[in-house]
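See structure below.
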DNA sequence: TTACTTATATCCAAAACAGTAATATCTATT
DNA sequence: AATAGATATTACTGTTTTGGATATAAGTAA
C-alpha cells in the first residue's frame, strides 16, 4: 500500500529543577525561515529503521550530549498546521535530568538555553506554558511547543500525587530538603515540612545513608539515596 | 529533506463494561498472510492531510459505525518489529463507549467481536492483557496489541484514583450501582458501597434527577446524571 | 398485610493527615 | 570554651478522612 505519509519527529522536553524553579532545555532555531518562534524543544526526525526510544536517546546525545537519560513518553501531537511549512507529527518525550548534567550540555552548545517554565493557569484544565531565560528574557516558542510544555507541567504535577517523582532530577545523594524543593518547584507552591517528610519516608523509596551534607553553613542534613 | 519515513497508523481500543466485566472491541483480520494473531484493534493508516483526532474518529465511523465517541490518546508504539511485514508506528487511542452503542456496531459487522479483557498481573507494573469472547474463546492478538491492552487497563485503573472516570461508559441516566459496577470491573475487585457512594457524591460530578429506575425487580434506585 | 430484596441514611472506630511545638545538632562568633 | 543563631529532626495533638457495620426506608410479589 502506498499513500502520502506524514513526517514524524521525536521532540524532547529536558526538564530540570534549578534554584527551586522548573526549567526546560530549549534550542535556538537557526532556520533561514524563522516561522512561528525562535525557540523549540530539541528533536529530530524518526527514521524507518530506528525505534522511537532509540530516536529519543539519539536526540539527547546529538543535541545535548547526554547519555542514558530518564525518558518517558508524553504524547503525540498531530494537528495539521502545527508546523506551517509541512505536516509534521511530533512524538514528544519528557526527560528528567539533574541540573548538573544539563549545565554541561549548555556549556558545550551555545544554541542551547535553560529557560524557567511558568504557567498561566492555576486549575486542573491545563494550558500553555511560558519560557523565560535570564539572558534572552521571554522566549518565543515555535510550533505548538508552548502547549506541549503546558502538558509537561500538567503531567509532572499529576505524577506527584501518586508517584515518587523527582528522584530522577537529583544526584545519587540528596537531602530531604532537596526533594521537597523539587516538589515545590513542580507544584508551584510551598509544602509543610513535617508532613512532606513523613509521606516521603513512609513510602520507603529512599533510605538514609548515614552520611551528612557537606559544606553547609549550619547544621547539615542527612544524605539519602534511592532504595533499589 | 527526504528520508525513509515509517508508516503511521491510528489504532483504537473501544472499551466498554458489560455484565460487570471489562470488554474491548476487536476485529478479525482477513489478511491473506495471517501474521502474529487473528484479532487486532481496529485502526487505519494516518494520511498526510488528516489530523490524528480526525483519523481516530474516522476509524470509529468506518470500522464500528460510531459517531462522536469519547476519545483519549493513550500512547504511541514504535518498536521496529511490532509488525513483521513492515515498520508501522501506531498511535493508540482509548475510546469509552456505552455497551448499548457497541452492541449495534457488532450486529452490523460480523468481523467484530466484543471480548472480555483480563490481566495476568496484580501489582503496579502492568503487563499483557488477554481477550476472550464467548463465541471464539481465547483470541490470539496480533502485533503488540496484548501489550497495548495491558496499558489500557493500567491507564483506566490509574485514572480511577483521581478522576471521575466511567461516566462515558454509561447512558445519560444511571444509578449509583451502575457506576460502582464499572469501577469494580475496571479495578477487578469489589468495593464497599457506602464509601463509594460518599466519594462519588462528594465530588459533585453527578446529580440526582428525582427519577427512579424502571423495571426493577425490587426497590428501584434513583437515577443520576452528569452535572454539566 | 407480610415476607423479601434492595436502596439509602446513620453511626462509630480506626486510620491518615496537618499543624505546632519542642528538641537536637551543627556552625560561627566571642 | 561557651554561646548565639540557624537549621534538621522528632514528638505531640487535634482534625479530617476512611472503612465497615448497622439501621431505616422503599419498593415488589405473594
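Residue numbers (my numbering), protein chains in the order written: chain A, 4 to 231; chain B, 4 to 231.
Positions of the beta carbon are idealized from the N, C-alpha and C atoms, including for glycine.
Original post:
What residues in the segment 6 to 26 of chain B bring their beta carbon closer than 7 Å to a beta carbon of chain A?
Top reply: 6, 7, 8, 9, 10, 11
**OP:** Verify the CB distance criterion: does residue 35 of chain B have a CB-CB separation below 7 Å to chain A?
**Re:** Note that residue 35 of chain B scores a pLDDT of 49, beneath 50, so its modelled location is shaky; the value from the coordinates is reported in the next line. Residue 35 of chain B does not count as touching chain A.
Original post:
Listed from N- to C-terminal order along the chain, which residues in the segment 147 to 172 of chain B have their beta-carbon within a distance smaller than 8 Å of any beta-carbon of chain A?
Top reply: 161, 164, 165
**OP:** Examine chain A for any beta-carbon lying closer than 7 Å to the beta-carbon of residue 139 of chain B, and answer yes or no.
**Re:** no
Original post:
Who are the neighbours of residue 81 of chain B on chain A, taking C-beta pairs under 7 Å?
Top reply: 54, 55
**OP:** State the DSSP-derived secondary structure class of residue 54 of chain B, mapped to helix, strand or coil.
**Re:** Residue 54 of chain B: coil per DSSP, three-state reduction.
**OP:** With 7 Å as the limit, tell me which residues of the segment 94 to 124 of chain B have their beta carbon closer than that to any beta carbon of chain A; keep them in chain order.
**Re:** Considering only beta carbons, the part of the segment 94 to 124 of chain B lying closer than 7 Å to chain A consists of 94, in chain order.
Subject >> Three-state secondary structure (DSSP) of residue 166 of chain B >> reply: coil
Original post:
Are the CB atoms of residue 132 of chain B and residue 96 of chain B nearer to each other than 7 Å?
Top reply: no
**OP:** Assess, as a yes-or-no matter, whether the segment 110 to 119 of chain A is touched by the segment 65 to 75 of chain A under the definition of 3 or more beta carbon pairs within less than 8 Å.
**Re:** yes
Original post:
How is residue 231 of chain B classed by DSSP in three states: helix, strand or coil?
Top reply: coil
Original post:
Which of the residues in the segment 177 to 191 of chain B, read from start to end, lie with their CB under 9 Å from any CB of chain A?
Top reply: none
Subject >> Where residue 64 of chain A falls, given that 16 or more other Cβ within 10 Å makes a residue buried >> reply: exposed
**OP:** Count the CB pairs spanning the segment 79 to 94 of chain A and the segment 4 to 17 of chain A that are closer than 8 Å, and state whether there are at least three.
**Re:** yes
Subject >> Cβ separation of residue 101 of chain A and residue 173 of chain A, assumed to be a contact under 8 Å, to the nearest whole Å >> reply: 6 Å
Original post:
Which residues in the same chain as residue 154 of chain B place their Cβ atom closer than 7 Å to its Cβ, once the five residues preceding and following it in sequence are excluded?
Top reply: 77, 78, 129
Original post:
Could you give the uninterrupted runs of the beta strand (DSSP E) lying entirely in the segment 71 to 130 of chain A, keeping only those of 3 residues or more?
Top reply: 73 to 80, 91 to 99, 115 to 122
Original post:
Counting only beta-carbon atoms, is residue 51 of chain B nearer than 7 Å to chain A?
Top reply: yes
Original post:
Just by C-beta distance, which residues in the segment 59 to 78 of chain B are closer than 8 Å to chain A?
Top reply: 76, 78
Subject >> Segment contact flag, the segment 134 to 149 of chain B with the segment 15 to 32 of chain B, C-beta cutoff 8 Å, min 3 pairs >> reply: yes
**OP:** Return the first residue and the last residue of the alpha helix (DSSP H) that residue 182 of chain B is part of.
**Re:** 179 to 190
**OP:** Evaluate residue 17 of chain B with the Cβ neighbour count: other Cβ atoms within 10 Å of its Cβ, from every protein chain shown; 16 or more gives buried, anything less gives exposed.
**Re:** buried
Original post:
Near residue 62 of chain A, which residues of its chain fall below 7 Å by C-beta distance, leaving aside the five closest residues on each side in sequence?
Top reply: 13, 15, 45, 46, 47
**OP:** Using a Cβ cut-off of 9 Å, pull out every chain A residue sitting near residue 209 of chain B, in sequence order please.
**Re:** Correct list: empty, because the minimum Cβ distance to chain A is about 18 Å.
Original post:
Does the distance from the CB of residue 179 of chain B to the CB of residue 200 of chain B come in under 7 Å?
Top reply: yes
**OP:** Between the Cα of residue 210 of chain B and those of B/121, B/143, B/228, spot the shortest distance and give me the residue it belongs to.
**Re:** B/228
Subject >> Helix, strand or coil at residue 49 of chain B according to DSSP, with G and I counted as helix >> reply: coil
**OP:** Tell me residue 202 of chain A's beta-bridge partners as DSSP assigns them.
**Re:** Bridge partners of residue 202 of chain A: none, in fact.
**OP:** Name the one or two DSSP bridge partners that residue 151 of chain B has.
**Re:** In the DSSP assignment, no residue is bridged to residue 151 of chain B.
Subject >> Own chain residues within Cβ distance below 6 Å of residue 157 of chain A, not counting five before or after >> reply: 129
Subject >> Unbroken beta strand (DSSP E) run spanning residue 136 of chain B, endpoints >> reply: 132 to 136
**OP:** Please check if any C-beta of chain B sits within less than 7 Å of the C-beta of residue 32 of chain A.
**Re:** no
Subject >> Three-way DSSP call (helix, strand, coil) for residue 7 of chain A in this model >> reply: coil
Original post:
Which residues of chain B have a Cβ atom closer than 7 Å to the Cβ of residue 199 of chain A, listed in chain order?
Top reply: Under the 7 Å cutoff, chain B gives no residues; its nearest Cβ is about 19 Å from residue 199 of chain A.
**OP:** For residue 19 of chain B, I'd like the list of residues in its chain whose CB is within less than 7 Å of its CB, leaving aside the five on either flank, ordered along the chain.
**Re:** 26, 100, 101, 102, 105, 172
**OP:** Give the C-beta separation of residue 42 of chain B and residue 198 of chain B to the nearest angstrom, bearing in mind that I take them to be a contact with Cβ-Cβ under 8 Å.
**Re:** So it is not a contact: roughly 38 Å between Cβ atoms.
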